[in-house]
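Peer 1: Before we start, here is the structure in question, set down as structure tokens.
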Amino acid sequence: MSQIRLHVVGKQLVYAQHSEVWHSLCTGAARIRVTEELCCRPRTNGQRVRAGEGIGGTGTVWRTTNGGNAVALICMGTRPEIIKMAPVYRALKNSRLGVAILHTGQHEEMAWPLYEFFGMRPDHCVNLNRSSSALSHLSARLLEEVAGVLEVVKPKVVLVHGDTSSTLSAALAAFYQQIPIGHVEAGLRSGSMYDPFPEEMNRALVGRVAQWHFAPTAQAAENLRREGVPRERIHIVGNTIVDAALWGCEQLERRAESAAELIDSGLGHVPTLLQKRDRKLILVTAHRRENWGGGIAGIAQAVRRLLEEREELCVVWPVHANRIVRDTVYVGFQGMEDSAAKRLVLCEPLNYTALLWVLRHAWITMTDSGGIQEEAIAVKVPVLVLRETTERPELLAAGGGVLVGTDPRAIVERVRWLLEDEAAHRRMRSAKNPFGDGHAAEYIARILEQALVPQDISLSLPQRPCLEEWTARAAAWKFASSSPPRLPAN
2 MSQIRLHVVG KQLVYAQHSE VWHSLCTGAA RIRVTEELCC RPRTNGQRVR
52 AGEGIGGTGT VWRTTNGGNA VALICMGTRP EIIKMAPVYR ALKNSRLGVA
102 ILHTGQHEEM AWPLYEFFGM RPDHCVNLNR SSSALSHLSA RLLEEVAGVL
152 EVVKPKVVLV HGDTSSTLSA ALAAFYQQIP IGHVEAGLRS GSMYDPFPEE
202 MNRALVGRVA QWHFAPTAQA AENLRREGVP RERIHIVGNT IVDAALWGCE
252 QLERRAESAA ELIDSGLGHV PTLLQKRDRK LILVTAHRRE NWGGGIAGIA
302 QAVRRLLEER EELCVVWPVH ANRIVRDTVY VGFQGMEDSA AKRLVLCEPL
352 NYTALLWVLR HAWITMTDSG GIQEEAIAVK VPVLVLRETT ERPELLAAGG
402 GVLVGTDPRA IVERVRWLLE DEAAHRRMRS AKNPFGDGHA AEYIARILEQ
452 ALVPQDISLS LPQRPCLEEW TARAAAWKFA SSSPPRLPAN
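Per the numbering used here: the sequence shown = residues 2 to 491.
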């Protein structure tokens, strides 16, 4: 008995085996799917197709690997989105789904080094041409531009991530064109409409229109169920940032140019700072809109006090490109003592390689970034969360992080506590990662593949010439009956 694979797409039935040429049995206009290295003869015009391609009723080619008309269109444009969706892109490229990237341009300067690092190239780019920093202006421009791309590409699914303005605008554009939406990192909730702002409402609104909800944790899935999302639409897959962080750390270990990248990032003397015995590195990041102004000023005040009090501490703070954030941070360190200033590195936003290097060497990280909360526990670094609430309570429950807010006294007290209680620090370092096993993107690709790619059917058929007899009977059935032919007896 030999195995022959049949692929069903809509009402189209196609044979496939090695380099043989088989007839397609058609019961209606539909696309043809081919997965072996073979040719096939469609019913329409005799055009031939190779593996990984298909032909629609009009004879237009639909590629199932990157290029052509994508089945899945990934919409992203901010730094966190690119990092977290890179594993999804790689997983889809290795699947039987076509995939393309739409770059929204929300973080234009920070985006392209990340695309290069992860080996991605956007297929479509949006020129925002922003004349205002207002959220309403950004959202309107994104909605209009993304809608135009969708009208041309016509994907089978639009994939968005998280809670950015790009995410909400792309989801709405897809909804208006009745294109199914897959929401990666779905179900996160802080419980406060304006904290974080506007992210909390963005992700809740996307949750109302999404077809597939890829939740990172059981808690996120439960949040969705409480909001009435059907269970069959919720898939607990883990967080793709764990995939990205683990892959990035592997690349860091392999790449000899990491030291040069640190120098280019303005961090060339950080390894020298860490050579001193008992020196402890703190990675600080702060950019949340709700922390602009007073919140970031409080964080800077706490960092300054800690550096002036404790000689064993050194701080790396990649300062966000936003002008409000930058001005607040730099003003906060004016007139600082020289001995403390030598242990403070204020630098431009880091490329991902440099960021991972600093994070892996950090004693703790203090951050309001959701992504760094997830990355830090993945690489065993304790987190002080510089917010009043968090949509990642799993980090706190696992013991890998503590919510401290932006009050300078609270921040200083927590750092002192960890300095004085080494056992507490060890417990935080050993916390189990609640955000997945590093294979979230593979699970997402598998779920989408099962939903969107033709179902594979394996039939055991006799060796030729019996197979030829069956083929003839099948051809006769095509015209005479709605029931499939019976297989010949051995």
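Glycine is no exception: its CB is placed at the ideal position from the N, C-alpha and C atoms. In this text, all values refer to a predicted model and were calculated from it rather than measured experimentally.
Are there any heavy atoms of the ligand FMN lying less than 7 Å away from the beta-carbon of R393, as far as the coordinates show?
Peer 2: With respect to the ligand FMN, the structure shown offers nothing to examine, as it has no ligands at all.
Peer 1: Just verifying my parser: in three-state terms, what is the DSSP assignment at W293?
Peer 2: Translated into positions along the sequence shown, residue 293 becomes position 292. The answer is coil: DSSP assigns W293 none of H, G, I, E or B.
Peer 1: Within its chain, find whatever has a CB closer than 7 Å to the CB of E82; leave out the 5 residues flanking it on each side and keep chain order.
Peer 2: By 1-based counting over the sequence shown, the position of residue 82 is 81. Setting aside the 5 residues that flank it on each side, E82 is surrounded in the same chain by H162, G163, T165 and S167, each with a C-beta closer than 7 Å to its C-beta; the list follows chain order.
Peer 1: Pairs of beta-carbons, one from the region 284–293 and one from the region 312–324, closer than 8 Å: are there three or more?
Peer 2: Segment contact: the region 284–293 against the region 312–324, three or more CB-CB distances shorter than 8 Å; contact assigned.
Peer 1: For the candidate residues I300, A148, P88 and L420, whose alpha-carbon lies nearest to that of L314?
Peer 2: Taking the sequence shown and counting its residues from 1, one reaches residue 314 at position 313. When only C-alpha atoms are compared, the closest one is L420.
Peer 1: Checking 8 Å against the spacing of the C-beta atoms, do V405 and V386 come in under that value?
Peer 2: Along the sequence shown, one-based indexing puts residue 405 at 404. Along the sequence shown, one-based indexing puts residue 386 at 385. Against a cut-off of 8 Å, the Cβ pair of V386 and V405 comes out as a contact.
Peer 1: Whose C-beta lies closer than 7 Å to the C-beta of R204 among residues of the same chain, with five residues either side of it excluded?
Peer 2: Here the question's residue 204 lines up with position 203 in the sequence shown. So the qualifying residues of the chain are G163, D164 and L189.
Peer 1: Bridge partners of G149, per DSSP?
Peer 2: Looking up residue 149 in the sequence shown gives position 148. None; G149 has no bridge partner.
Peer 1: Does the beta carbon of Y353 come closer than 8 Å to any beta carbon on chain D?
Peer 2: Given the protein chain composition of this structure (a single chain), no chain D is represented.
Peer 1: Assign W213 to one of two classes, buried (16 or more other C-beta atoms within 10 Å of its C-beta) or exposed (fewer than that).
Peer 2: As a first step, residue 213 is located in the sequence shown; it is residue number 212 there, counting from the start. With 16 or more other Cβ atoms within 10 Å, it is buried.
Peer 1: Just confirm the distance between the C-beta atoms of A245 and I84, as a whole number of angstroms; I'd bet it's less than 8 Å.
Peer 2: By 1-based counting over the sequence shown, the position of residue 245 is 244. By 1-based counting over the sequence shown, the position of residue 84 is 83. Between I84 and A245 the Cβ distance is about 5 Å, and since that is below 8 Å, they are a contact.
Peer 1: Which partner residues of C250 appear in the DSSP bridge assignment?
Peer 2: Counting from 1 along the sequence shown, the entry for residue 250 is found at position 249. None; C250 has no bridge partner.
Peer 1: How about G437 and N224: do their beta carbons lie closer than 8 Å?
Peer 2: Within the sequence shown, numbered from 1, the residue matching residue 437 stands at position 436. Within the sequence shown, numbered from 1, the residue matching residue 224 stands at position 223. Their beta carbons are not under 8 Å apart, which means G437 does not touch N224 by this criterion.
Peer 1: Residues bridged to M1 by DSSP?
Peer 2: What is shown of the chain runs 2 to 491, which leaves residue 1 out entirely.
Peer 1: Taking the straight line between their C-alpha atoms, what separation do you get for G11 and P455?
Peer 2: Counting from one through the sequence shown, the residue named residue 11 turns up at place 10. Counting from one through the sequence shown, the residue named residue 455 turns up at place 454. With a pLDDT of 36 at G11, under the threshold of 50, the predicted position of this residue should be treated as unreliable, though the coordinate-derived value follows. C-alpha separation (whole angstroms): 8 Å.
Peer 1: Per DSSP, what kind of secondary structure is A363 in: helix, strand or coil?
Peer 2: Translated into positions along the sequence shown, residue 363 becomes position 362. DSSP places A363 in coil when its eight states are reduced to three.
Peer 1: Can you look up P272 in the DSSP assignment and give me helix, strand or coil?
Peer 2: For the purposes of this step, residue 272 is taken as the residue at position 271 of the sequence shown. P272 falls in the helix class under three-state DSSP.
Peer 1: So who's on the other strand from H214, going by DSSP bridges?
Peer 2: As a first step, residue 214 is located in the sequence shown; it is residue number 213 there, counting from the start. Partner(s): H184 and I235.
Peer 1: I'd like to confirm the pairing. Which residues does DSSP put opposite H125 in its beta bridges?
Peer 2: The count along the sequence shown starts at 1 and reaches residue 125 at position 124. Answer is L103.
Peer 1: Who are P319's beta bridge partners in DSSP?
Peer 2: Within the sequence shown, the letter at position 318 stands for residue 319. For P319, which the question treats as bridged, DSSP gives the partners C348.
Peer 1: Could you work out which residue in A425, R393, G400 and V384 is closest to I412 when comparing CA atoms only?
Peer 2: Along the sequence shown, one-based indexing puts residue 412 at 411. Of the candidates A425, R393, G400 and V384, the one whose C-alpha sits nearest the C-alpha of I412 is V384.
Peer 1: For D339, does the count of other Cβ atoms within 10 angstroms reach 16, so buried, or fall short, so exposed?
Peer 2: The residue given as residue 339 occupies position 338 in the sequence shown. The residue is exposed, with fewer than 16 neighbouring Cβ atoms inside 10 Å.
Peer 1: Using only the alpha-carbon positions, how far apart do Q302 and H125 sit?
Peer 2: Numbered from its first residue, the sequence shown carries residue 302 at position 301. Numbered from its first residue, the sequence shown carries residue 125 at position 124. Approximately 43 Å between the Cα atoms of the pair.
Peer 1: Considering only residues of the same chain and omitting the five flanking positions on each side of A379, which have a CB-CB separation below 6 Å?
Peer 2: One-based indexing of the sequence shown puts residue 379 at position 378. Closer than 6 Å at the Cβ level, and outside the excluded window around A379, lie V243, A246 and N434.
Peer 1: Under a Cβ-count criterion, where at least 16 other Cβ atoms within 10 Å of its own Cβ denotes burial, should A141 be classed as buried or exposed?
Peer 2: Taking the first residue of the sequence shown as position 1, residue 141 is located at position 140. With a 10 Å radius around the Cβ and a threshold of 16 neighbouring Cβ atoms, A141 comes out exposed.
Peer 1: Please check the pair I365 and V330, which I expect to be a contact at CB under 8 Å, by giving their CB distance rounded to whole angstroms.
Peer 2: Walking along the sequence shown from the start, residue 365 turns up at place 364. Walking along the sequence shown from the start, residue 330 turns up at place 329. Wrong, their Cβ atoms sit about 19 Å apart, outside the cutoff.
Peer 1: Kindly indicate which residue of P156, E145 and R324 has the alpha-carbon position closest to the one of S134.
Peer 2: Here the question's residue 134 lines up with position 133 in the sequence shown. When the alpha-carbon of S134 is set against those of P156, E145 and R324, the nearest one is in R324.
Peer 1: Along the chain, where does the alpha helix (DSSP H) containing L453 start, and where does it finish?
Peer 2: Along the sequence shown, one-based indexing puts residue 453 at 452. Element bounds for L453: A441 to L453.
Peer 1: Beta-carbon within less than 6 Å of V238's beta-carbon, same chain only, minus the 5 sequence neighbours each way: which residues are those?
Peer 2: For the purposes of this step, residue 238 is taken as the residue at position 237 of the sequence shown. So the qualifying residues of the chain are F215, A441, Y444 and I445.
Peer 1: Taking Cβ positions, are V147 and A112 nearer each other than 8 Å?
Peer 2: Residue numbering aside, residue 147 sits at position 146 when the sequence shown is read from its first letter. Residue numbering aside, residue 112 sits at position 111 when the sequence shown is read from its first letter. Contact: no.
Peer 1: Using the Cβ count rule (16 or more neighbours within 10 Å means buried), how would you classify Q107?
Peer 2: For the purposes of this step, residue 107 is taken as residue 106 along the sequence shown, with counting starting at 1. The residue is buried, with at least 16 neighbouring Cβ atoms inside 10 Å.
Peer 1: Helix or strand or just coil, what does DSSP make of H288?
Peer 2: Indexing the sequence shown from 1 puts residue 288 at position 287. The answer is coil: DSSP assigns H288 none of H, G, I, E or B.
Peer 1: First and last residue of the alpha helix (DSSP H) that includes V326?
Peer 2: Within the sequence shown, residue 326 is the residue found at index 325, counting from 1. Residues R324 to G333.
Peer 1: Below 8 Å between beta carbons: does that hold for V271 and P156?
Peer 2: Translated into positions along the sequence shown, residue 271 becomes position 270. Translated into positions along the sequence shown, residue 156 becomes position 155. No, they are not a contact pair.
Peer 1: Given this structure, state the Cα-to-Cα distance separating D328 from R306, to the nearest angstrom.
Peer 2: In the sequence shown, residue 328 corresponds to position 327, counting from 1. In the sequence shown, residue 306 corresponds to position 305, counting from 1. About 19 Å.
Peer 1: Can the beta-carbon of H236 be found closer than 8 Å to that of A211?
Peer 2: Within the sequence shown, residue 236 is the residue found at index 235, counting from 1. Within the sequence shown, residue 211 is the residue found at index 210, counting from 1. Contact: no.
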